[in-house]
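Numbered according to the UniProt record's numbering, the sequence shown spans residues 1 to 557.
Each residue gets a CB set at the ideal place from its N, CA and C atoms; glycine is no exception.
As the structure is a prediction and not an experimental result, all values here were calculated from the model.
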Amino acid sequence: MEPYTLILLCILVMAYILIRLENRRDFGNGKKALLRQSFGAIPQRENRDYGGIEYDWDFEQTNLSEQEQIDEITWNDLEMDAVYLRINNCRSFAGEQALYTALHRLSQNREAEESLRGKIRYFGEHETERERATYLLHCLGKEHGSYYLPVFIRNLKGFEIPNIQFYRFMRGLLLCSFLPSALLLDTRYLVFPLFAALSNLVIYSFQKYKYSANLSMLRATLGIIRTARLLSDPGKSGGVEPSPDLGELAQRFSRSARKIMRLNTREQSGLSGDLFSLLNAYLVGVTLSDFIRYNKLLRELDGRKEDLLALYQRVGEIDMAISVASFRASLPHWCEPSFTEQDAPCRLEAEELYHPLLSHPVSNSASIRRSCIVTGSNASGKSTFIKAVAVNVLLAQSIFTCSAARLTLPRTGLITSMALRDDILSGESYYIKEIHYLKRIIDSLTPETPTVCIVDEILRGTNTQERIAASCAVLRYLAKHNCLAIVASHDIELTQLLESQYDNFHFSEQITDGGIAFSYKIHSGPADSKNAIRLLEYMGFPEEITWEARELAQTHG
């Protein structure tokens with residue numbers, strides 16, 4: 001080859017490498033710019049299956065009392081799936097799972113609370129560190145299979161390949177099968193190693209699918225270890241983790257990480273398709289050595305299971321903290337909650353409180369010093385208000401962020417009875433389901449921890465006379481048993497029967513010839529207006545219906 005041809009070839013190769021590096025850098029910079037712009041923005045809903053985010057919570061809830069967690073009925077009543085998506089700006093599977101778990105848990109651990117509060121503030125105030133961390137967490141990603149990692153870590157022994165001693169025997173048998181040919185110098189005896197190799201290949205082929213599936217969990221484990229190390233490494237990422245011991249925790253798994261990389265490299269090379277890699281993969285398969293190394297690695301990780309679980313949770317918490325900081329930045333106004341002393345009266349003091357899912361919310365201030373009944377016309381805002389109170393009680397004790405200018409409250413349990421409907425499949429009527437929900441509330445009350453109880457339209461599934469009587473009895477019971485009950489109702493009679501035990505608030509409206517206007521502002525005292533018939537007129541019902549309805553209302557009023 002001519003010298004100038006060689007020089008030209010070298011120049012072309014160098015140019016190709018430089019272009020690839022530049023393109024990769026431009027891609028990385030573009031991705032970082034998009035991640036930067038997403039902070040403080042309302043998260044875009046991703047068109048994907050969110051199955052798996054609950055796996056960590058499924059384990060965590062078994063260690064908590066009923067007072068420390070949000071049950072499924074309350075979660076659904078408050079539309080917490082939608083609230084979760086509104087907050088979720090996480091960039092990794094670990095962050096999404098950490099946020100989902102946090103929103104189900106009412107924090108009682110002061111040390112963990114201060115740690116999370118500190119991280120949220122840190123990433124809200126330190127833009128450079130936040131952007132570095134966000135990019136690293138984005139690289140960790142949200143691969144669907146990775147959401148199974150909490151199950152994998154907690155049950156490592158269950159993921160070991162069974163009968164590993166038999167595989168050790170078969171590997172030894174393969175090595176020993178060469179002895180007759182070597183000792184007797186007779187190639188005819190090579191039939192023994194050939195038979196042993198074929199047997200091992202059959203075993204390898206049958207077990208490889210399960211092994212490959214489990215190896216994806218080890219890749220997720222490796223991702224957690226790498227991300228934790230980079231988050232705490234000042235030389236590579238700026239050391240963005242505000243807790244200094246994360247790097248030390250990650251360092252404990254450096255040897256395990258190298259072993260995972262070797263197993264993964266061989267697995268990936270076998271999938272590359274080139275002849276040499278394929279032959280190498282099957283050579284390893286014949287000896288069954290990767291299966292043996294895999295089991296040994298799992299036993300090694302199982303010995304440090306708690307550290308590995310802590311590493312996964314710490315990485316997830318960093319991602320969650322950034323997401324909560326972004327949520328705060330996206331709100332019209334927000335505050336961190338103030339908690340009263342444990343022996344203080346159970347009260348809620350809220351200023352400019354609103355529901356975080358509303359794009360144009362109307363804020364309300366209220367001092368709820370004892371259980372209360374909220375009355376008002378249809379569509380006046382009472383149900384939205386009590387739901388906003390409930391959501392903020394939850395957010396205050398889970399991610400320490402409230403959609404309010406100020407919120408003072410005790411540390412409480414939270415339980416609701418709101419979004420009721422008939423269940424055709426189970427055969428439960430509306431009323432039967434409602435009394436089950438109310439019984440669940442009564443059973444949840446404890447003298448040790450106060451409970452905020454939110455009820456929308458109590459016992460509306462039965463006749464008026466019995467509804468008033470039963471509702472009155474239930475609400476009196478709640479008020480006497482360490483419960484701050486906040487009840488939305490159309491039954492004005494309850495405000496009179498319970499005035500010695502319940503405060504009253506109401507929402508009102510203005511009716512004009514042009515229609516009905518709602519202020520959505522809360523006022524003290526019971527409601528004194530009704531608008532059901534006026535709404536029929538406003539919606540264009542025939543005059544015959546509205547006239548008769550008005551006459552009947554006056555006659556039986």
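If you draw a straight line from the alpha carbon of residue i to that of residue j, how long is it in whole angstroms?
i	j	result
arginine 504	serine 524	Reading off the sequence shown, one finds asparagine at residue 504, where the question assumed arginine. Rounded to whole angstroms, asparagine 504 to serine 524 spans 6 Å at the Cα level.
glutamate 111	threonine 101	17 Å
tyrosine 312	phenylalanine 518	48 Å
isoleucine 164	alanine 98	35 Å
aspartate 290	serine 216	14 Å
phenylalanine 339	leucine 409	5 Å
glycine 172	leucine 288	10 Å
cysteine 333	lysine 521	One point to set straight first is that residue 333 is histidine, not cysteine, in the sequence displayed. Computed Cα separation, rounded: 18 Å.
arginine 411	threonine 451	9 Å
serine 237	tyrosine 135	With a pLDDT of 48 at serine 237, under the threshold of 50, the modelled position of this residue cannot be trusted; read the value that follows with caution. Distance between the alpha carbons of serine 237 and tyrosine 135 is about 10 Å.
tyrosine 431	glutamate 509	30 Å
glutamine 554	alanine 470	26 Å
methionine 14	valine 315	38 Å
tyrosine 502	tyrosine 477	12 Å
aspartate 81	histidine 126	29 Å
aspartate 26	alanine 33	For aspartate 26, the predicted model reports a pLDDT of 48, less than 50, meaning its position is unreliable; a value from the coordinates is still stated below. Cα to Cα, aspartate 26 sits roughly 10 Å from alanine 33.
serine 365	leucine 353	6 Å
leucine 407	aspartate 56	30 Å
serine 500	leucine 358	35 Å
tyrosine 493	cysteine 472	A quick correction: the sequence has glutamate, not tyrosine, at residue 493. Approximately 9 Å between the Cα atoms of the pair.
arginine 255	leucine 301	11 Å
asparagine 76	glutamate 54	14 Å
isoleucine 511	asparagine 531	9 Å
residue 559	leucine 497	Since the first residue shown for the chain is 1 and the last is 557, residue 559 is missing from the structure and cannot be characterised.
asparagine 482	glutamate 448	8 Å
Tell me the DSSP bridge mates of residue i?
i	result
alanine 488	Val374, Asp456
glutamate 509	Phe518
aspartate 528	Paired residue(s): none; aspartate 528 is not in a bridge.
isoleucine 415	Cys453
cysteine 10	BP columns for cysteine 10 are empty, so no partner.
cysteine 483	Thr451
aspartate 503	Cys372
histidine 523	His506
cysteine 402	Cys335
threonine 408	Ser338, Glu349
Just to confirm my understanding: we take residue i, look at its own chain, exclude 5 residues before and 5 after, and list those with CB closer than 8 Å. What are they?
i	result
glutamine 69	Gln61, His104, Arg105, Leu106
tyrosine 167	Ile161, Ile203, Leu288, Phe291, Ile292
glycine 303	none
leucine 174	Pro193, Ala196, Ala197, Asn200, Val286, Thr287
threonine 462	Tyr431, Ala470
alanine 257	Leu222, Ile225, Arg226
Can you tell me the Cβ-Cβ gap for residue i and residue j, rounded? I've got them flagged as a contact below 8 Å.
i	j	result
alanine 325	isoleucine 120	5 Å
proline 43	leucine 85	7 Å
glutamate 336	threonine 384	With a Cβ gap of about 23 Å, glutamate 336 and threonine 384 do not count as contacting.
methionine 170	serine 146	So it is not a contact: roughly 32 Å between Cβ atoms.
leucine 156	arginine 91	That belief does not hold up - the Cβ atoms of leucine 156 and arginine 91 are roughly 26 Å apart, past 8 Å.
phenylalanine 93	glutamate 143	7 Å
isoleucine 415	threonine 128	Contact doesn't hold; Cβ gap of about 43 Å is too wide.
isoleucine 468	aspartate 443	Isoleucine 468 to aspartate 443, Cβ: 24 Å. No contact.
threonine 446	glutamine 207	The Cβ separation is near 51 Å, so there is no contact.
phenylalanine 123	alanine 329	Going by Cβ atoms, the distance from phenylalanine 123 to alanine 329 rounds to 11 Å, so no, they are not a contact pair.
glutamate 79	asparagine 88	14 Å between Cβ atoms; not a contact.
Which residues in the same chain as residue i place their Cβ atom closer than 7 Å to its Cβ, once the five residues preceding and following it in sequence are excluded?
i	result
isoleucine 386	Val374, Ile454, Asp456, Ile486, Ala488
residue 632	Residue 632 is absent from the model: the chain starts at 1 and stops at 557.
aspartate 537	Per the sequence presented here, residue 537 reads as glutamate, with aspartate not at that position. If we look at glutamate 537 and ignore the five residues flanking it on each side, its Cβ neighbours are Thr546.
lysine 439	none
alanine 310	Leu249
leucine 64	Arg105
glutamate 351	Ser365, Ala404, Ala405, Arg406
glutamate 317	Ala98, Leu116, Lys119
Tell me which same chain residues have a C-beta within less than 6 Å of the C-beta of residue i, skipping the five on either side of it?
i	result
alanine 549	Ile533
glycine 376	Lys382, His506, Phe507, Ala527
leucine 297	Lys259
leucine 253	Per the sequence shown, residue 253 should be read as phenylalanine rather than leucine. Answer for phenylalanine 253: Ile225, listed in chain order.
cysteine 346	Pro410, Pro450, Leu484
glutamate 131	Arg36
Check the Cβ-Cβ distances between residue i and every residue of chain C, and say whether any is below 8 Å.
i	result
cysteine 90	In the structure shown, chain C cannot be found, because there is only a single protein chain.
> Counting only runs that start and end within the stretch 297-369, where is the alpha helix (DSSP H) found for 4 or more residues in a row?
Replying inline: 305-330
> In chain order, which alpha helix (DSSP H) runs of at least 4 residues are fully inside the stretch 130-167?
Replying inline: 149-154
>> At 3 residues or longer, what runs of the beta strand (DSSP E) sit wholly inside the stretch 52-133?
In response: none
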